[in-house]
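I have placed the structure first, in the form of structure tokens, so that the comments after it can refer back to it.
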Amino acid sequence: MQRCLDLAKNGLGFTYPNPLVGSVIVYEGKIIGEGWHQKAGEPHAEVNAINSVKDKNLLSQSTIYVNLEPCSHYGKTPPCADLIVQMNIKNVVIGTIDYNSKVYGKGIEHLKQNGCNVVVGVLEKACRAINKRFFTFHKTKRPYIILKWAETKDGYIFPEERNVNKKPIWISNTYALQLVHKWRTEEQSILVGTNTAIQDNPKLNARNYFGKSPIRIAIDCKLKIPKNYNFFDGDIETIIFTEDEVALKSKNINYVKIDFSKNVTKQVLRVLYNKGVQSLIIEGGTKTLNSFIEEDLWDEARVFESENYFGAGIKSPKFYKNQEKAIKNRLSTRKIKNNKLSIYSNDKKYNI
Numbered sequence: 057m058q059r060c061l062d063l064a065k066n067g068l069g070f071t072y073p074n075p076l077v078g079s080v081i082v083y084e085g086k087i088i089g090e091g092w093h094q095k096a097g098e099p100h101a102e103v104n105a106i107n108s109v110k111d112k113n114l115l116s117q118s119t120i121y122v123n124l125e126p127c128s129h130y131g132k133t134p135p136c137a138d139l140i141v142q143m144n145i146k147n148v149v150i151g152t153i154d155y156n157s158k159v160y161g162k163g164i165e166h167l168k169q170n171g172c173n174v175v176v177g178v179l180e181k182a183c184r185a186i187n188k189r190f191f192t193f194h195k196t197k198r199p200y201i202i203l204k205w206a207e208t209k210d211g212y213i214f215p216e217e218r219n220v221n222k223k224p225i226w227i228s229n230t231y232a233l234q235l236v237h238k239w240r241t242e243e244q245s246i247l248v249g250t251n252t253a254i255q256d257n258p259k260l261n262a263r264n265y266f267g268k269s270p271i272r273i274a275i276d277c278k279l280k281i282p283k284n285y286n287f288f289d290g291d292i293e294t295i296i297f298t299e300d301e302v303a304l305k306s307k308n309i310n311y312v313k314i315d316f317s318k319n320v321t322k323q324v325l326r327v328l329y330n331k332g333v334q335s336l337i338i339e340g341g342t343k344t345l346n347s348f349i350e351e352d353l354w355d356e357a358r359v360f361e362s363e364n365y366f367g368a369g370i371k372s373p374k375f376y377k378n379q380e381k382a383i384k385n386r387l388s389t390r391k392i393k394n395n396k397l398s399i400y401s402n403d404k405k406y407n408i
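Quick note: the sequence shown uses the numbering used here, first residue 57, plus one each step.
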């Protein structure tokens, strides 16, 4: 099962809206076939694993391992549960059930009804964790939310006075920046508030790493972001949340009207859910980050700390009331040259 998980990770950033799935086929203690779901619309992991087996006669005496319940419905590809039955594979080991309502136990039931010996729950926690985005989307009806920012040693994310040329102020180092761009290829969307978009004129793409750039999003109530900024270059699908009716349409730019007298964060997440967006990185600034923190609408926080000091300016967000709770919910800490990266989880449980 661990090999299934290792294979599944290869699809991160490429399989949306599908989950990450790896599959391994074992005959007499040896792996004779394996595969993973590489891209939405292409064959699923089980299909690739079965196709990789040279001697198909061995399948009836083999065991197929898969980290997620095989699908039982027709989508862009036929059901994997049907294929397993057709290939006469009698032993099936599954990491976790699929919480997508189109599957949710139906694949397992189909296998059992057709004479397969099915074991469910092997490395279940790890199998759920790898598809945290997929499960969060289907169980909570919103994207998986990652908060991300960089702060100085004294806890500031922006100085009291910025430099004269108004270029973006980098707190983290170039190695951290490349890692951030890698993260962008793994998620479906990225969001900033009006002030960050105006102050930094960000591209929010993945130019320093190989992969697809996320949908970029700005919350811009009064449409203050200048039209000659990077947000409007048309290179990436872009969503602007505003209170105004906007008749003008341009390449890859979509305006969505919401009611700013009501809860903005929930409206934004509802739109993204209806659009099928399973993950969202929020890159600031503090006001935007805090709006999600205050609503307890976040799942993970990734915080870079530099060795620099600002002495004054805009303070970084605080997502825990005390240091003890922060330490308790810290998943990992590591050094990236002269930066420290800490990753935290929200302790609110969704049974994912």
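Cβ atoms here follow ideal geometry from the backbone N, Cα and C, with glycine treated the same way.
- When secondary structure is reduced to three states using DSSP, W226 falls in the coil class, being assigned neither helix nor strand.
- In this structure, G69 sits away from V80, with a CB-CB distance that is not shorter than 9 Å.
- Bridge pairing for E356: I202, S401 [DSSP].
- When DSSP reads this structure, W92 sits in a beta bridge with G78.
- Its chain contains A274, D276, Y311 as the residues whose beta carbon lies nearer than 6 Å to that of I296, once the 5 sequence neighbours on both sides are disregarded; these appear in chain order.
- Our two residues, K396 and T389, have alpha carbons roughly 7 Å apart in a direct line.
- Each residue's CA atom was taken as its position, placing F288 and K331 some 21 Å apart.
- Looking at W92, R59, N156, the one whose alpha-carbon comes closest to that of A182 is R59.
- K313 carries a strand assignment under DSSP once its states are collapsed to helix, strand and coil.
- DSSP places K86 within a strand segment (E or B) once states are collapsed to three.
- Within the model, the alpha-carbon separation for I370 versus K95 is close to 41 Å.
- Take T208, set aside five residues on each side of it, and the residues of its chain with a beta-carbon closer than 7 Å to its own are I227, S362, N364, Y365, F366, in chain order.
- The way I'd put it, the stretch 117 to 131 does touch the stretch 159 to 167; three or more beta-carbon pairs between them come closer than 8 Å.
- Between E356 and Y231, the alpha-carbon positions lie close to 21 Å from each other.
- A check of alpha carbon separations from M57 across V302, V148, F191, S108 identifies V148 as the nearest.
- R263 counts as exposed, since fewer than 16 other beta carbons sit within 10 angstroms of its beta carbon.
- DSSP, reduced to helix, strand and coil, places F366 outside both helices and strands of the structure shown, so it counts as coil.
- The stretch 314 to 329 and the stretch 170 to 177 do not touch, with fewer than three beta-carbon pairs separated by less than 8 Å.
- Scanning L279, Y285, V77 for the CA closest to the CA of V302 turns up L279.
- V333 and R198 have their C-alpha atoms spaced approximately 8 Å apart.
- A residue is called buried when at least 16 other Cβ atoms come within 10 angstroms of its Cβ; K65 does not meet this threshold and is exposed.
- In this structure, DSSP gives Y155 a state outside helix and strand, which the three-state scheme calls coil.
- L387 counts as exposed, since fewer than 16 other beta carbons sit within 10 angstroms of its beta carbon.
- In the displayed model, V178 falls within coil according to three-state DSSP, outside both helix and strand.
- Proximity to A105 across K307, L63, S398 peaks at L63, based on C-alpha coordinates.
- In this structure, K204 lies away from I349, with their beta-carbon atoms at least 9 Å apart.
- In this structure, the beta-carbon distance from P75 to H93 falls below 9 Å.
- Taking 4 residues as the minimum length, the alpha helix (DSSP H) runs contained wholly in the stretch 247 to 289 are 250 to 256, in order along the chain.
- Here S347 has T321 as same chain residues with Cβ atoms under 6 Å from its own Cβ, once five neighbours each way along the sequence are excluded.
- In this structure, the beta-carbon distance from V103 to L139 falls below 9 Å.
- Of the residues K238, I281, H100, D300, the one whose Cα lies closest to the Cα of V77 is H100.
- In this structure I153 is in contact with V176, their Cβ atoms being roughly 7 Å apart against a cut-off of 8 Å.
- Y212 sits close to S372, with the two beta carbons spaced by under 9 Å.
- About 5 Å separates the Cβ atoms of N286 and K259, confirming a contact at the 8 Å cut-off.
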